[in-house]
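Working notes, beginning with the structure itself.
Protein chains: 2
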Amino acid sequence: LPFSFEVKDSDLLGRIGVLKVGGKSLETPYMFPVIHPVSQNVPTGELLSMGFRGLMTNSYIIHSRRREEALKEGIHKLLGYDGVLMTDSGGYQVLEYGDLELGYREVASFQSLIHSDIAVTLDRPTGYPQEKRVAKDTVDYSLANARATLEGFGSSETVWVGPIQGGLYFDLVTRSARSLAKAGFQMLALGSPVQVMENYMYADLVRMIITAKRAIPYATPLHLFGAGHPLTMPMAVALGCDTFDSASYVLFARSGRYMTRGGVLTLKSMKYLPCSCPVCTKTSVMELLELDHPQRTRQLSIHNLFILKDELQACKEAIVEGRLWDIVEERSMAHPRLREAFLEFAGLSSELTLGTPALKERGLFVRSASDLSRPEILSAQRRLADAIERSSRSARVGIGEGEGRKGSQMGKGGDLYKVHPIFGPFPAELEFHYPLGQTEVGDMVPQFSLEAGKKQLRALGYRKVTIAGGSSGKKKVRSRRSRRGASPSLRSSSARPR
Amino acid sequence: LPFSFEVKDSDLLGRIGVLKVGGKSLETPYMFPVIHPVSQNVPTGELLSMGFRGLMTNSYIIHSRRREEALKEGIHKLLGYDGVLMTDSGGYQVLEYGDLELGYREVASFQSLIHSDIAVTLDRPTGYPQEKRVAKDTVDYSLANARATLEGFGSSETVWVGPIQGGLYFDLVTRSARSLAKAGFQMLALGSPVQVMENYMYADLVRMIITAKRAIPYATPLHLFGAGHPLTMPMAVALGCDTFDSASYVLFARSGRYMTRGGVLTLKSMKYLPCSCPVCTKTSVMELLELDHPQRTRQLSIHNLFILKDELQACKEAIVEGRLWDIVEERSMAHPRLREAFLEFAGLSSELTLGTPALKERGLFVRSASDLSRPEILSAQRRLADAIERSSRSARVGIGEGEGRKGSQMGKGGDLYKVHPIFGPFPAELEFHYPLGQTEVGDMVPQFSLEAGKKQLRALGYRKVTIAGGSSGKKKVRSRRSRRGASPSLRSSSARPR
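First to last, the protein sequences are chains G and H. Residue numbering for the first sequence follows the numbering used here, beginning at 1 and increasing consecutively. Residue numbering for the second sequence follows the numbering used here, beginning at 499 and increasing consecutively.
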């Protein structure tokens with residue numbers, strides 16, 4: 001039963017993939033709900049019928065509480081679930097409970113014997129905050145176990161996941177990720193984002209993820225541990241995280257917290273349920289508050305899972321339609337720290353072009369200065385820079401629509417250009433090429449004026465630059481109330497006005 | 499059966515209200531789904547069970563196609579619906595089909611005889627674009643009919659709605675709204691937003707609504723005709739529109755368009771359904787595409803209605819929690835033109851303070867420069883300006899936390915201040931007052947430095963300004979990567995850096 005991961009579609013570094021393991025398959029991006037092997041609130045069968053075809057659980061807890069049963073029945077029968085089961089090593093618990101009998105060998109052997117489909121090798125989470133010396137130890141310990149596991153158990157049916165540690169020490173993250181990839185892991189997982197996220201350090205989360213992504217092959221699926229928050233999901237997907245796991249749906253539920261796409265609300269201070277999921281269409285805030293704690297937790301868990309599922313579906317649909325950037329930016333308005341993270345993310349734009357299709361069917365939205373560094377715009381700027389060829393000493397700037405199509409006029413009085421509010425002067429025949437004619441620019445974004453366009457053409461070596469056409473009165477470059485000066489050069493690789 | 503409208507809660511100009519009419523009640527903000535009296539795709543009973551306790555329909559169509567029946571049975575029995583029924587006059591159709599027999603008297607009489615709960619007097623929509631001369635005629639015609647209807651039929655059980663016209667001629671809108679309010683209408687409706695919205699002129703929509711709101715009493719409920727788009731709903735609610743009507747759910751459905759909170763998608767280019775409503779949990783894109791047209795329209799209509807309902811619930815929950823501004827800003831990222839509209843909206847902030855509670859339980863998010871003009875911030879700036887009293891020639895600026903509480907230090911070496919990143923210097927004893935201690939400010943927003951704070955204190959007349967405390971190392975004003983200068987003055991009424 002071979003393991004495979006195939007990328008079907010992509011946008012930014014996000015991708016739709018098919019993960020095949022143990023004869024089963026999962027479409028990514030995917031979030032594994034974390035279930036408790038002893039006291040699971042939402043039955044596994046219900047999770048499956050909601051569309052969750054993979055779950056994650058903790059092999060340490062199974063080992064310490066249901067070992068014999070698990071060895072006899074296998075984990076799938078034990079949990080009553082025939083989808084993909086991923087097991088965490090329980091490195092944290094091993095450390096916490098000082099269970100010194102459990103080394104990498106026992107952990108791996110157990111995961112393999114209970115037929116876990118995907119298993120994380122015994123690691124030690126770096127955490128945050130952490131001293132560098134300790135962080136280095138967690139990386140070394142996790143790496144040594146990972147290598148040894150692959151050596152000793154690589155031929156088992158279980159697919160091993162290499163845990164990337166290092167926390168916010170990016171040099172350690174790089175070394176950890178590179179070494180694991182080199183060791184031959186088919187799937188990797190980035191650890192320690194939980195405390196970073198709990199502290200609202202979303203910009204650091206962006207840096208952690210991109211550091212790991214830079215160090216591993218594009219084709220290797222990357223798991224992000226414990227990142228089940230609707231707010232950070234689109235950004236993590238756009239940075240190339242393929243799978244997630246999270247117990248947040250039930251942890252939030254237990255403390256009476258209700259997820260929405262814009263953030264998490266507290267049930268007891270709510271009056272309205274802004275959702276039409278199977279839970280919310282049948283109940284009210286009042287009724288939920290009247291339930292006993294396990295019942296309420298169960299209902300809120302299911303609602304929270306629907307929100308997470310919808311958000312993953314929204315990310316997938318956005319990838320297919322080429323508007324992942326847009327939903328990342330939209331969600332970023334939910335919190336000031338998330339907006340900071342978005343600016344960090346936008347700064348990575350040139351790296352995000354890799355998975356971004358050159359041609360999209362949709363108009364390109366520019367609604368903030370950060371949007372000027374959209375990968376589609378960077379790519380177009382590069383293509384345009386190559387397309388500009390001076391074949392005359394004079395240039396005409398057309399301001400009517402469709403002039404580039406009138407072949408008769410071409411070259412008559414010099415090279416014919418148009419001025420785009422974002423891209424500046426460009427050869428007129430490209431007028432209807434993507435994204436020149438498909439860019440929707442908001443007033444609040446700094447834009448090229450006709451004058452700035454003429455100036456730039458002179459800088460390209462034209463002696464004479466004149467205005468042509470436009471008798472129709474239609475100006476391609478709209479006049480603006482405020483114009484804070486245009487991007488300095490067509491050849492500059494970045495238009496980021498930060 | 500008296501008519502009443504009671505405001506229960508408010509934020510910005512948005513409010514939760516209870517509209518009582520015909521012995522029934524509706525909670526606002528509310529959207530009346532528009533139904534067709536002859537060929538209705540989603541049965542009225544199903545609309546009721548989805549939670550829609552009010553519907554709108556067109557009295558002209560009933561008059562021309564089901565008149566006798568309607569007069570005999572009454573509109574509720576005719577449509578099989580015992581919720582609130584609102585009827586539009588059909589002014590547009592009367593004009594379109596040149597039905598000269600129908601004057602205001604016949605229209606009003608018919609609406610009253612069929613027992614419409616709420617009815618719009620015969621009007622003539624201004625539309626857009628429109629010549630001013632014609633626009634003026636539509637206002638005059640609509641106003642004359644409205645006055646005459648109230649005079650002739652004011653004692654009927656039907657509640658009459660005065661239609662505000664004028665389109666984008668704001669002087670006409672003002673006159674229209676004022677005259678109708680003065681004529682004694684208990685409910686008003688703003689016309690002509692449809693074409694404005696279809697042309698993405700959202701900033702103009704903001705101007706239209708605020709113009710109408712300025713001209714009418716706060717207590718009068720305002721209906722916005724035909725504004726059933728999830729993107730514009732939060733902004734319209736925040737500007738004080740209490741009710742809406744829209745056929746968009748079915749019009750979009752007919753052309754295979756699928757609403758999401760972030761915009762409208764085209765079913766045939768979709769792969770995933772990012773929704774868990776009763777329709778979407780039971781089907782897939784593929785299955786929807788395989789349905790025949792009426793069936794698909796019906797399913798998409800229901801889905802679209804759930805989205806609109808969820809968005810209204812989200813607005814209501816945001817009003818209750820005092821974060822209506824936040825969802826308006828979040829949604830504004832969905833389109834560059836909507837973002838422009840948000841900047842227009844933010845510019846109205848001082849008018850939005852009216853309904854905004856002075857104290858909120860939530861932290862105040864500042865994630866964009868526009869957020870600096872949040873009404874909560876403007877109000878706090880005014881209160882702070884009043885609170886600053888110079889009782890000494892010297893001022894100390896505390897940088898440790900909680901110093902304002904140590905009474906012993908007060909006044910020791912001069913007046914004690916702290917510097918807030920947004921508000922600048924403030925009397926230290928206010929440190930934990932809302933919103934000083936509850937403001938979450940993103941890095942990208944221009945902020946006060948300690949130096950700028952000291953400078954401002956000198957401008958207030960202090961001869962000597964020193965730094966005090968801070969041995970704890972905790973600086974209240976965090977150091978920033980980029981600091982683009984702080985707001986010039988505490989007393990300036992606006993901090994908008996546009």
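C-beta: ideal position from N, C-alpha, C; glycine also.
{"Check": "Boundaries (first-last residue) of the alpha helix (DSSP H) holding Glu696/H", "Outcome": "691 to 696"}
{"Check": "For Phe863/H, the three-state DSSP class (helix, strand or coil)", "Outcome": "strand"}
{"Check": "Three or more C-beta pairs below 8 Å linking the segment 230 to 243 of chain G and the segment 331 to 348 of chain G", "Outcome": "yes"}
{"Check": "is_contact[Val7/G, chain H] using C-beta, thresh 9 Å", "Outcome": "no"}
{"Check": "Contacting residues, own chain, Cβ-Cβ under 7 Å from Arg961/H (five flanking each side not counted)", "Outcome": "Arg891, Ser892"}
{"Check": "Whether Leu678/H touches Gly665/H by CB criterion (9 Å)", "Outcome": "no"}
{"Check": "Neighbour flag for Ala745/H against chain G, beta carbons, 9 Å", "Outcome": "no"}
{"Check": "Proximal chain G residues relative to Gln811/H, where beta-carbon distance stays under 7 Å", "Outcome": "Tyr272, Leu273, Pro274"}
{"Check": "Interface residues of chain H facing Phe306/G [CB-CB closer than 7 Å]", "Outcome": "Ser774"}
{"Check": "Beta-carbon neighbours of Phe863/H, restricted to chain G and to distances below 7 Å", "Outcome": "His335, Pro336"}
{"Check": "Gly23/G versus Gly845/H: straight-line alpha-carbon distance, rounded", "Outcome": "59 Å"}
{"Check": "Neighbour-count burial assignment, Ala957/H, 16 or more Cβ in a 10 Å radius", "Outcome": "exposed"}
{"Check": "Close Cβ partners of Phe170/G (< 7 Å) along its chain, the five nearest in sequence each way excluded", "Outcome": "Arg207, Thr211"}
{"Check": "Assumed close pair Met529/H, Asp743/H - CB separation to whole angstroms, cut-off 8 Å", "Outcome": "7 Å"}
{"Check": "Residues that Ile825/H contacts on chain G, provided the C-beta gap is smaller than 8 Å", "Outcome": "Gly262"}
{"Check": "Positions along the segment 278 to 292 of chain G whose CB lies within less than 7 Å of some CB in chain H", "Outcome": "Pro278, Thr281"}
{"Check": "Any C-beta of chain H under 9 Å from that of Val237/G", "Outcome": "no"}
{"Check": "Per DSSP, cross-strand counterpart(s) of Thr555/H", "Outcome": "Thr585/H"}
{"Check": "CB contact flag (Gly940/H, Val864/H, <9 Å)", "Outcome": "yes"}
{"Check": "Boundaries of the alpha helix (DSSP H) in which Ser39/G is found, first to last residue", "Outcome": "Taken as a continuous stretch (DSSP letters only), Ser39/G belongs to no alpha helix (DSSP H), as it is neither H nor E."}
{"Check": "Leu222/G: first and last residue of the uninterrupted beta strand (DSSP E) it sits in", "Outcome": "222 to 224"}
{"Check": "Environment of Leu289/G [buried if 16+ CB atoms lie within 10 Å]", "Outcome": "exposed"}
{"Check": "Gly521/H, DSSP secondary structure in three states", "Outcome": "coil"}
{"Check": "Rounded separation between Leu343/G and Asp9/G - CA only", "Outcome": "25 Å"}
{"Check": "Three-state secondary structure assigned by DSSP to Arg976/H", "Outcome": "Any reading at Arg976/H needs caution, since the residue's pLDDT is 41, under 50, leaving its predicted position unreliable; the model's value is listed next. The answer is coil: DSSP assigns Arg976/H none of H, G, I, E or B."}
{"Check": "Cut-off 7 Å between Cβ atoms - residues of its own chain near Ile965/H, not counting five sequence neighbours on either side", "Outcome": "Val895, Ile897"}
{"Check": "Supposed contact pair Thr718/H and Leu686/H - C-beta distance, whole angstroms, cut 8 Å", "Outcome": "6 Å"}
{"Check": "Rounded distance between the beta-carbons of Ser753/H and Leu771/H, thought under 8 Å", "Outcome": "With 8 Å as the limit, Leu771/H and Ser753/H do not qualify as a contact, their Cβ atoms being about 18 Å apart."}
{"Check": "Short Cβ contact (9 Å threshold) for Gly262/G with Arg339/G", "Outcome": "no"}
{"Check": "Proximity test, Cβ basis, 9 Å: Lys418/G and chain H", "Outcome": "no"}
{"Check": "Buried versus exposed, by CB contacts within 10 Å (16 or more), Phe930/H", "Outcome": "exposed"}
{"Check": "Cβ pair count under 8 Å reaching 3, the segment 784 to 799 of chain H against the segment 539 to 553 of chain H", "Outcome": "yes"}
{"Check": "Opening and closing residue of the alpha helix (DSSP H) in which Phe423/G lies", "Outcome": "Unbroken run through Phe423/G: none, as it is neither H nor E."}
{"Check": "Three-state class that DSSP yields for Arg331/G in the structure shown", "Outcome": "helix"}
{"Check": "Own chain residues within Cβ distance below 6 Å of Gly861/H, not counting five before or after", "Outcome": "Gln936, Glu938"}
{"Check": "Those residues which DSSP pairs with Thr937/H across a bridge", "Outcome": "Leu862/H"}
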